[in-house]
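Peer 1:
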Amino acid sequence: MMDTSIAIERRAFIRRICCTTGLIGSTWFQSACEINPRDASISADPFDPILLELADGRVNIESPMLNLPVAYVSIAQKKIFVEYESRISVSVLLAAHISVSSGLWRIPLFGEDLEVPIDAGDPGREFAERDISEWSPGQLVQEGDYRVQRGSGVQREILLDCVPILPEKGWVSGGPWLTYQCSGIGEKLCREVFSPIGKGIRHDSKSYRTCAESGIAAEFVSWACPQD
């Protein structure tokens, strides 16, 4: 697996957000984009994450995908959205069994023994199949969701230093955390799960250049390749 690292500090992170998302509707973002006009021509790394607050208060380190996933397993919807041509390869990667009679996928949940068979009629582990074209990137993600992409796993070290949560939800720091994520490049299938990666701090306040050392604990979640 390839090695890469991401150390994100406040000003660099804001410039990346402006370039990749176009969030310049407010004066705050407009001025942030103009911190260093010479950086405007720099292309954003496809792995540059965006920090978003989830409904439960945790912080999602969201790395945009380069392409539509080959498959997505939604825990909340009890559905697997999958590219039809890749059904067999995806079932092998997820250690899943596709019922001939019902068409339901029986998929082990994150952290479970992949060698233990799942009985028919298990409501927590049976998923209805849908075509990947029905999957929406805007749907709510839930801990334990799987997504399958093409590309090898890339080792990444994530370090957050006084980074904003969007939209204007405060500032956090955390890491370093060592994780693996799918590169999105190549034909090999790669599995990720949405799960906790570590804890950090949500700062009480910030000055122009630095965040206050005081704050409350924050838990971070992201997509990562299971190491099983």
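Under this note's numbering, the sequence shown has 302 at position 138, and the numbering climbs by one with no breaks.
The beta-carbon is built from N, C-alpha and C at its ideal position, and this holds for glycine as well.
1) Going by DSSP in three states, E249 sits in which element: helix, strand or coil?
2) For I252, is the classification buried or exposed, using 16 other Cβ atoms within 10 angstroms of its Cβ as the cut-off for buried?
3) Report buried or exposed for I271, applying the criterion of at least 16 other Cβ atoms within 10 angstroms of its Cβ.
4) Just reading off the beta strand (DSSP E) that T374 is part of, what are its end residues?
5) Return the bridge partner residues of N224 from the DSSP annotation.
6) Under a Cβ-count criterion, where at least 16 other Cβ atoms within 10 Å of its own Cβ denotes burial, should V256 be classed as buried or exposed?
7) Kindly indicate which three-state DSSP category Q303 falls into: helix, strand or coil?
8) Spatial neighbours of G348 within its chain, please: C-beta separation below 8 Å, excluding the five flanking residues on both sides.
9) Mind listing, in chain order, the continuous beta strand (DSSP E) runs of no fewer than 3 residues lying wholly within the stretch 240 to 299?
10) With a threshold of 16 other CB atoms inside 10 Å of the CB of E356, please say whether the residue is buried or exposed.
11) In its own chain, which residues sit with a C-beta less than 6 Å from the C-beta of H261, not counting the 5 before and 5 after it?
Peer 2: Well, looking at it:
1) helix
2) exposed
3) Answer is buried; the Cβ neighbour count reaches 16.
4) Run containing T374: none; DSSP gives neither H nor E here.
5) Looking at the DSSP assignment, N224 forms a beta bridge with L216, V385.
6) Per the 10 Å Cβ criterion, exposed.
7) coil
8) P210, M229, L230, N231, Q313, R314, G315
9) 243 to 246, 290 to 295
10) Around the beta-carbon of E356, 16 or more other beta-carbon atoms lie within 10 Å, marking it buried.
11) R270
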